[in-house]
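Step one of this worksheet: look at the structure below.
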Amino acid sequence: MRRLFFISLFTFASLATFAGVVLKKDTAQKTRIFSLSGGFIKTSLNFFKNYGEDTYSNGYGLRALFQPSETFRMAACYSSVEMVDIKPTWLRVNNSFYDLDAHFLMHFADRRNIAYFIMGLSAQYWNGFYTGLHDVDFWKLNAPHNQTYKALYFGGRIGMGAEIKVYGPISGYGEFIFRLTKTDVGSGLSDVVYGLGIKVNVANLNRNKSSKRRHSILRFKDKYHWF
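Structure follows, in structure tokens:
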């Protein structure tokens with residue numbers, strides 16, 4: 080755990096140095112941007128229950144973001160993973176994740192692209208049929224065999240992301256995240272998640288000095304609606 084923390088901290092510091100992202104007082108602007116995003120994720124679900132050679136499954140994620148300043152934003156996320164069989168111990172396993180994250184933003188010199196550090200809270204809903212067969216792992220589940228097992232696990236997550244502006248209010252992003260969870264059989268690093276997706280700035284709620292209008296992508300006659 081300590082090693083992962085320092086690796087993430089070093090990566091964050093390296094990106095910040097490369098980007099030269101210390102905002103000057105005369106260039107920093109207050110902003111209130113509301114965004115929506117969606118994309119694909121690759122997740123191992125939970126290391127405490129999913130062990131084997133190929134532990135990763137595909138899923139999708141949706142989220143709403145609010146950015147109150149140029150260096151910070153919040154994200155409420157929902158992710159769902161395709162139903163999988165972890166044979167022979169688990170069958171028809173469904174997983175959903177609910178996350179609340181803080182993003183600490185670093186702007187590159189071109190002011191279009193950003194890197195960001197992720198810290199947040201996480202909840203995982205596990206629903207699967209537990210056969211109990213060959214469950215000889217160190218973290219063996221103490222539950223009746225051949226029954227549907229449901230659980231909600233809580234924890235946190237830490238990671239890094241990068242965002243590249245594609246066109247107007249549309250950006251592409253990529254992320255990798257370490258998920259730490261307390262489960263019924265143990266606690267610690269439970270997942271490493273990779274994600275790719277698209278983010279769209281829906282509305283800029285900031286009122287600047289030159290205009291009292293609030294710009295929005297939904298106002299197609301607004302010449303500023305592309306931000």
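To convert a position in the sequence shown, counted from 1, into our numbering, add 79. All residues carry an ideal CB built from backbone N, CA and C; glycine is no exception.
How far does the beta strand (DSSP E) with threonine 262 in it extend, from its first residue to its last? No beta strand (DSSP E) contains threonine 262, which DSSP labels as neither H nor E.
Taking 8 Å as the cut-off, decide whether the C-beta atoms of serine 269 and phenylalanine 126 are in contact. Yes, the pair counts as a contact, with Cβ atoms nearer than the cut-off.
Candidates Gly235, Ile277, Ala230: which alpha carbon is nearest asparagine 174's? Across the set Gly235, Ile277, Ala230, the C-alpha of Ala230 shows the shortest separation from the C-alpha of asparagine 174.
Tell me whether the beta-carbon of aspartate 180 lies closer than 8 Å to the beta-carbon of isoleucine 197. In contact: aspartate 180 and isoleucine 197 (Cβ atoms closer than 8 Å).
Just the Cα atoms here: how many angstroms apart are valine 163 and glycine 240? When rounded, the distance between both Cα atoms is 27 Å.
Can you tell me whether tyrosine 232 is buried or exposed, with buried defined as 16 or more other CB within 10 angstroms of its CB? Counting Cβ neighbours within 10 Å, tyrosine 232 comes out buried, since at least 16 surround it.
Start-to-end residues for the beta strand (DSSP E) that takes in histidine 186: From DSSP, the beta strand (DSSP E) with histidine 186 extends over 169-186.
Would you give the residue range spanned by the beta strand (DSSP E) that glutamate 242 belongs to? Element bounds for glutamate 242: 226-246.
Could you please give the first and the last residue of the uninterrupted beta strand (DSSP E) stretch that includes leucine 124? Premise fails: leucine 124 is in no beta strand (DSSP E) and is neither H nor E.
Just confirm the distance between the C-beta atoms of serine 354 and lysine 278, as a whole number of angstroms; I'd bet it's less than 8 Å. Only positions 80 to 306 of the chain appear in this structure, which leaves residue 354 out of reach.
Inter-residue spacing [alpha-carbon to alpha-carbon] between lysine 244 and glutamine 226: Straight-line Cα distance between these residues: approximately 48 Å.
Nearest CA to the CA of tyrosine 204: which residue from Ile256, His224, Asp263? Of the listed residues, the one whose Cα sits closest to tyrosine 204 is Asp263.
Answer yes or no: does any C-beta atom of chain D fall closer than 8 Å to that of arginine 111? Going by chain labels, chain D is absent from the structure shown, which holds only one protein chain.
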